[in-house]
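Novice: Once you know that position 69 of the sequence shown is 88 in my numbering, the rest is easy, because the numbers rise by one and skip nothing. For every residue, glycine included, the Cβ atom is placed at its ideal position computed from N, Cα and C.
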Amino acid sequence: MTLAMPAAFAQTEPSAQPLNAESCKAQEAVLERDMALARSRGQMLRRRELADTLSALQLRCQALAPLSREARIEKLEQEIRTLRTELERAEAQLRSVKSESP
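(1) Does Arg-60 come out as helix, strand or coil in the three-state DSSP assignment?
(2) Quick one: Cα of Arg-114 to Cα of Glu-105, how far?
(3) How would you label Met-63, buried or exposed, when you count the other beta carbons within 10 angstroms and need 16 or more for buried?
(4) Have a look at Glu-47, Arg-88, Ala-70, Glu-107 and flag the residue whose alpha-carbon is nearest the alpha-carbon of Ala-57.
(5) If you draw a straight line from the C-alpha of Leu-95 to the C-alpha of Arg-60, how long is it?
(6) Leu-86 and Cys-43: beta carbons closer than 8 Å?
(7) How should Val-49 be labelled, buried or exposed, when 16 other C-beta atoms within 10 angstroms of its C-beta is the threshold for buried?
(8) In or out: Glu-119 buried (at least 16 other Cβ within 10 Å) or exposed?
(9) Does DSSP put Leu-69 in a helix, a strand or coil?
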């Protein structure tokens, strides 16, 4: 038995297309509209599924948001600290190997 999905719910799944700010807003609007429709019809399970989908979409969209200048600087400084720590560890290992007796 196959259940047909109502046309109002047809576009609620996140698309496979790359996300940008405009497509994020459009997909959020569709999900919010479909959530309101499901709520008005008493389809609380469907509304909850849509809310979960919306939350996931918002997380994906937030991850794509451009970082502020300060955030980019902090991120790069942290990356430099991490790389320096790794370099120091590798140099210590190299010194250890060189000092071992052949």
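Specialist: Quick look at the numbers:
(1) To locate residue 60, count along the sequence shown from 1; it is residue 41. Arg-60: coil per DSSP, three-state reduction.
(2) Numbered from its first residue, the sequence shown carries residue 114 at position 95. Numbered from its first residue, the sequence shown carries residue 105 at position 86. The straight-line gap from Cα to Cα measures roughly 14 Å.
(3) Stepping through the sequence shown from its first residue, residue 63 is reached at position 44. Exposed: under 16 other Cβ atoms inside 10 Å.
(4) Numbered from 1 along the sequence shown, position 38 holds the residue referred to as residue 57. With distances taken between Cα atoms, Ala-57 lies closest to Ala-70.
(5) Mapped onto the sequence shown, residue 95 falls at position 76. Mapped onto the sequence shown, residue 60 falls at position 41. Taking the CA atoms as reference points, Leu-95 sits about 50 Å from Arg-60.
(6) Position 67 of the sequence shown, counted from the first residue, corresponds to residue 86. Position 24 of the sequence shown, counted from the first residue, corresponds to residue 43. Contact: no.
(7) As a first step, residue 49 must be located in the sequence shown, where it is residue number 30. Here Val-49 is buried: its Cβ has 16 or more other Cβ atoms, across all protein chains shown, within 10 Å.
(8) Start at 1 with the first residue of the sequence shown, and residue 119 comes out as number 100. It is exposed - the Cβ of Glu-119 has fewer than 16 other Cβ atoms within 10 Å.
(9) In the sequence shown, counting from the first residue as 1, residue 69 sits at position 50. Annotated three-state conformation of Leu-69 is helix, per DSSP.
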